[in-house]
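Read in this note's numbering, the first sequence has 111 at position 110, and its numbers run on one by one without any break.
Following: one structure in structure tokens, then a few remarks.
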Amino acid sequence: MPDNDAPKSMEDLVALCKRRGFIYPASEIYGGLNGFWDYGPLGTELKNNLRDAWWNDMVKSPPVGPNGEPLVILGLDSSIIQHPKVWEASGHVGGFNDLMVEDSETKKRFRADHLQGIYLLEPAGDMKVGEPYLVTSLMERAPDHTLVASSPAEALSILIAERKMQKLMGIRALKSNPLSGHSLGKPPYAAVWVDTDHGSRYVYAESVPIDVLQSLPGSIPSPFTGDKGALAQPRQFNLMFQTYYGAVFDEDHKTYLRPETAQGIFLNFKNVVDTMRVKVPFGIAQIGKAFRNEVTPRNFIFRSREFEQMEIEFFCHGDDAPMWYEYWCEVRKNWWQSVGLTGDNIQMRQHENEELAHYAKDGCGTFDIEYRFPFTHPGFGELEGVAHRSDFDLRQHREHSGAKLEYFDQERNERYLPHVIEPSGGLSRGVLALLCEAFTPTPERKGSKYVMCFHPRMAPVKAAIFPLVNKEGMPEIARKLYDDLRTRWPVQFDVKQSIGKRYARMDEAGTPYCFTIDGETLEDQTVTVRERDTADQKRIAIDQVARYVADETGG
RNA sequence: GCGGGCGUAGCUCAAUGGUAGAGCGCCAGCCUUCCAAGCUGGAUGUUGACGGUUCGAGUCCGUUCGCCCGCUCCA
């Protein structure tokens with residue numbers, strides 16, 4: 002079984018994935034494309050198995066709810082390309098078209114051109130000319146030792162009002178009205194003549210130039226905390242893939258590839274309610290591709306630019322949201338364990354307030370289900386987030402589209418926007434977690450260097466059928482067994498080379514069972530079952546093989 | 001995005017500026033009665049890409065793409 006104490010080698014895993022047809026670098030013959038990967042034959046089977054298990058367990062046969070009744074979860078498959086206004090309503094467009102600066106402590110962002118500083122024109126004490134000491138921005142009011150304003154003039158008027166600020170700058174008196182203040186050349190938008198401990202001088206405010214932000218990020222205090230050194234380099238956050246619909250590339254037809262599948266569900270909430278005879282609480286589920294221009298794609302398929310999500314939006318009354326939130330955290334963790342992620346490698350983690358996404362601010366929080374990947378070891382990486390999105394999305398779409406999205410609850414005799422609990426899992430990341438969990442070096446075993454210990458339900462190939470030797474009627478019997486099994490499962494038939502080599506090949510593919518026809522089969526109609534993880538063998542009747550595979554693989 | 005390392009056969013790696021090779025794997029045949037056994041034969045390369053220097057570049061120089069590590073980042 003996997004040794005969970007030591008991190009496994011990602012390099013070796015990536016090599017095995019390519020060698021055995023799980024995952025290839027995308028566009029490899031052209032040199033590859035950063036942030037994209039292709040699934041090979043075995044990887045596709047693996048991903049399909051994980052996807053089908055989710056769809057079966059969440060949609061076709063959903064879990065039982067707190068009241069003992071099975072939940073109602075309905076499937077959906079919405080467009081990857083949606084109306085451009087969707088992404089304005091969802092909040093994805095707003096913050097990400099301009100250069101943004103992020104405070105690494107609070108995770109808050111502001112537009113770089115909204116960052117404004119108040120400068121001294123002459124040295125005063127420790128302060129130097131041209132270096133920003135107090136910083137303002139358009140963001141909401143910050144802790145008391147920084148200024149927040151929508152314009153330099155406003156910043157200065159706050160400076161006038163706030164005696165503490167004056168103290169920080171060594172200002173004893175303001176001599177002129179800043180709002181009628183001096184023009185000081187290239188655009189100090191406002192200035193004020195002040196008395197300080199070191200004499201009289203100008204103070205003025207202007208946007209902090211981009212090159213100053215880039216060269217001196219450590220010297221600029223954060224507008225949120227006033228701390229220096231917390232601001233990251235300003236950068237363009239073009240998170241979404243732009244595209245155009247229609248044959249003409251015209252700005253009116255610009256839209257985006259979806260960065261999450263969730264919005265398609267919100268767009269169809271009303272359709273589903275109107276057509277499917279459902280009552281709140283219920284869920285809508287969707288599996289599909291999503292696209293994000295990640296700043297730094299890395300760690301194999303963990304952060305790629307094209308990936309696949311498995312999302313449920315579970316609609317409920319706001320009062321019941323905390324209960325459903327707890328419920329889904331439990332259901333989803335159990336599910337990941339059921340597909341083979343067990344032990345200490347999986348954990349739940351509550352988000353801190355600062356890291357909550359924009360849509361989750363008002364909810365009861367976000368739980369991450371995390372997996373200890375080799376590249377995060379001993380830390381963990383996100384596999385799924387269970388978030389309370391409150392009624393944020395339906396409210397946004399109601400405002401932007403004008404559609405009536407309220408739900409009328411007959412039992413409560415109340416019209417309301419449902420709240421949403423969102424278990425949002427990464428299918429691609431799930432595949433990676435399955436690969437990492439299964440990947441087991443076996444230096445002690447003579448046969449194979451690696452075994453992929455997949456849960457039998459997830460294994461891309463369920464079984465292999467071998468004649469022990471390629472003669473004496475064995476291949477014919479093996480072939481008949483193979484023909485029988487292949488209509489129900491992905492199985493392989495192999496007569497070539499030594500039996501040990503064939504077992505070893507199946508170990509690397511993660512095939513859980515090998516059935517071998519040997520001399521004894523000819524006498525008593527039994528075959529050996531060779532188990533992947535232990536290499537143990539036992540005999541079963543040849544006519545029981547199909548039942549054995551069905552029992553062991555859950556199908 | 002920054003710094004460092006690395007790109008040669010499917011994989012792991014050789015090859016003073018002078019004819020691109022080995023092992024493993026793969027394929028075929030033989031052999032083989034349970035864990036990459038053995039024998040024989042075979043296929044496989046735009047040396048990541050583009051340009052430059054040179055009589056001649058896998059090797060030197062420049063650019064670019066990709067991968068790995070550390071920062072950074074990851075609404």
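Built from N, CA and C at the ideal position, the CB exists for glycine as well.
How is Gly289 classed by DSSP in three states: helix, strand or coil? Here residue 289 corresponds to residue number 288 of the first sequence, with the count starting at 1. Three-state result, Gly289: strand.
Whole-number beta carbon distance between Leu240 and Val87, since they are thought to touch under 8 Å: One-based indexing of the first sequence puts residue 87 at position 86. One-based indexing of the first sequence puts residue 240 at position 239. So it is not a contact: roughly 15 Å between Cβ atoms.
Using 8 Å for Cβ pairs, my map puts Arg540 next to Thr527. What's the rounded Cβ distance? Translated into positions along the first sequence, residue 540 becomes position 539. Translated into positions along the first sequence, residue 527 becomes position 526. Confirmed, Cβ separation roughly 4 Å.
What number of angstroms, rounded off, separates the C-alpha of Tyr303 from the C-alpha of Gly247? The sequence position of residue 303 within the first sequence is 302, counting from 1. The sequence position of residue 247 within the first sequence is 246, counting from 1. According to the sequence displayed, residue 303 carries Phe and not Tyr. Going by the C-alpha atoms only, they are around 33 Å apart.
Could you tell me if Lys187 is buried or exposed, where buried requires 16 or more neighbouring beta carbons within 10 angstroms of its beta carbon? In the first sequence, residue 187 corresponds to position 186, counting from 1. Caution applies to Lys187, whose pLDDT of 33 falls short of 50 and renders its modelled position unreliable; the model cannot decide the point.
Rounding to the nearest angstrom, what Cα-Cα distance links Val452 and Ala16 in this structure? As a first step, residue 452 must be located in the first sequence, where it is residue number 451. As a first step, residue 16 must be located in the first sequence, where it is residue number 15. Roughly 14 Å between the two C-alpha positions.
Report the three-state DSSP secondary structure of Ala536 (helix, strand or coil). As a working note, residue 536 is residue 535 in the first sequence. Coil at Ala536, not helix or strand.
According to DSSP, is Leu77 helix, strand or coil? One-based indexing of the first sequence puts residue 77 at position 76. Note: Leu77 maps to strand in three-state DSSP.
For Gln243, which residues does DSSP report across the bridge? Reading the first sequence from its first residue, position 242 is the one you call residue 243. DSSP output for Gln243 lists Tyr257 as bridge partner(s).
Pick from Ala479, Trp329 and Lys9 that is closest to Thr522, judged by C-alpha positions: Here residue 522 corresponds to residue number 521 of the first sequence, with the count starting at 1. Ranking Ala479, Trp329 and Lys9 by Cα distance to Thr522 puts Ala479 first.
If you reduce the DSSP assignment to three classes, tell me which class His420 lands in. For the purposes of this step, residue 420 is taken as residue 419 along the first sequence, with counting starting at 1. If DSSP states are grouped into helix, strand and coil, His420 belongs with the strands.
If we count the other Cβ atoms within 10 Å of its Cβ and call it buried at 16 or more, is Lys463 buried or exposed? Position 462 of the first sequence holds residue 463. That one is buried.
Trp490 by DSSP, collapsed to three states: which one? Here residue 490 refers to the residue found at position 489 when the first sequence is read from its first residue. Reduced to three states, the DSSP call for Trp490 is coil.
Excluding five sequence neighbours on each side, which residues of the same chain lie with their C-beta closer than 6 Å to the C-beta of Pro461? As a position in the first sequence, residue 461 is number 460, starting the count at 1. Leu43, Glu46 and Leu47.
Which ranges would you report for the beta strand (DSSP E) in the stretch 443-475 if only whole runs of at least 3 residues count? 451-453 and 464-468
With a threshold of 7 Å on Cβ separation, who are the neighbours of Tyr40 within its own chain once the five nearest residues in sequence on each side are excluded? As a first step, residue 40 must be located in the first sequence, where it is residue number 39. Closer than 7 Å at the Cβ level, and outside the excluded window around Tyr40, lie Ile24 and Lys48.
What are the complete alpha helix (DSSP H) segments, minimum 4 residues, inside the stretch 332-401? none
Counting only the same chain and skipping the five closest in sequence on each side, list residues whose C-beta sits under 7 Å from that of Leu491. Counting from one through the first sequence, the residue named residue 491 turns up at place 490. Reading off the sequence, residue 491 comes out as Pro, not Leu. Here the set comprises Glu46, Pro461, Val462 and Lys463.
Residues of its chain near Gln493, where Cβ-Cβ distance is below 6 Å and the 5 sequence neighbours each way are ignored: Residue 493 sits at position 492 when you count from the first residue of the first sequence. Result list for Gln493: Val462 and Ala465, in chain order.
So, is His254 buried or exposed, given that buried needs 16 or more other C-beta atoms within 10 angstroms? Along the first sequence, one-based indexing puts residue 254 at 253. Label assigned to His254: exposed.
With DSSP as the reference, label Ser177 as helix, strand or coil. Locating residue 177 in the first sequence gives position 176, where the first residue counts as 1. Model confidence at Ser177 stands at a pLDDT of 49, short of 50, so the residue's coordinates are unreliable; what they give is reported in the following sentence. In the structure shown, Ser177 sits in coil (DSSP, three-state: anything other than H, G, I, E or B).
Identify whether Ser563 lies in helix, strand or coil by the three-state DSSP scheme. Outside the displayed range of the chain (2 to 556) lies residue 563, so it cannot be described from this structure.
DSSP on Ile541, reduced to helix/strand/coil? Against the first sequence, residue 541 aligns to sequence position 540. The answer is strand: DSSP assigns Ile541 an E or B state.
Beta bridge counterpart(s) of Gln310 as assigned by DSSP: Residue mapping note: residue 310 aligns to position 309 of the first sequence, counting from 1. According to DSSP, Gln310 bridges with Gly289 and Gly427.
Which word fits Glu412, buried or exposed, when buried means at least 16 other C-beta atoms lie within 10 angstroms of its C-beta? If you number the first sequence from 1, residue 412 lands on position 411. Burial call: exposed.
CB-CB under 6 Å to Leu14, same chain, minus the five flanking residues each way: which ones, in chain order? The count along the first sequence starts at 1 and reaches residue 14 at position 13. Around Leu14: Phe440.
Considering only their Cβ atoms, is the gap separating Asp392 from His420 smaller than 9 Å? Position 419 of the first sequence, counted from the first residue, corresponds to residue 420. Position 391 of the first sequence, counted from the first residue, corresponds to residue 392. Their beta carbons are under 9 Å apart, which means His420 touches Asp392 by this criterion.
Would you say Thr256 and Gly289 are within 9 Å of each other, going by their C-beta atoms? In the first sequence, the residue the question calls residue 256 occupies position 255. In the first sequence, the residue the question calls residue 289 occupies position 288. One thing to note: Thr256 has its Cβ no nearer than 9 Å to the Cβ of Gly289.
Quick one: Cα of Gly382 to Cα of Cys330, how far? Here residue 382 corresponds to residue number 381 of the first sequence, with the count starting at 1. Here residue 330 corresponds to residue number 329 of the first sequence, with the count starting at 1. Cα to Cα, Gly382 sits roughly 17 Å from Cys330.
Val249 burial status per 10 Å Cβ neighbour count (16 or more: buried): Within the first sequence, residue 249 is the residue found at index 248, counting from 1. Exposed.
Going by other Cβ atoms of all chains shown within 10 Å of its Cβ, with 16 needed for buried, is Gln538 buried or exposed? Taking the first sequence and counting its residues from 1, one reaches residue 538 at position 537. Exposed, since its Cβ has fewer than 16 Cβ neighbours within 10 Å.
Rank Leu486, Asp484 and Ile422 by C-alpha distance to the C-alpha of Met324 and give the top, closest one. Here the question's residue 324 lines up with position 323 in the first sequence. When each option's Cα is compared against that of Met324, the closest is Ile422.
Between which residues of its own chain and His456 is the CB-CB distance below 7 Å, once the five residues before and five after are set aside? For this step, residue 456 is matched to residue 455 along the first sequence. Closer than 7 Å at the Cβ level, and outside the excluded window around His456, lie Val340 and Gly341.
Segment limits, beta strand (DSSP E) that includes Pro26: Here residue 26 corresponds to residue number 25 of the first sequence, with the count starting at 1. From DSSP, the beta strand (DSSP E) with Pro26 extends over Ile24 to Pro26.
Between the CA atoms of Leu384 and Asp320 - distance to the nearest angstrom: Walking along the first sequence from the start, residue 320 turns up at place 319. Walking along the first sequence from the start, residue 384 turns up at place 383. Cα to Cα, Asp320 sits roughly 28 Å from Leu384.
Assigned exposure category for Leu9 - 16 Cβ within 10 Å defines buried: Within the first sequence, residue 9 is the residue found at index 8, counting from 1. In the sequence under discussion, the amino acid at residue 9 is Lys, which differs from the Leu named in the question. With 16 or more other Cβ atoms inside 10 Å of its own Cβ, Lys9 counts as buried.
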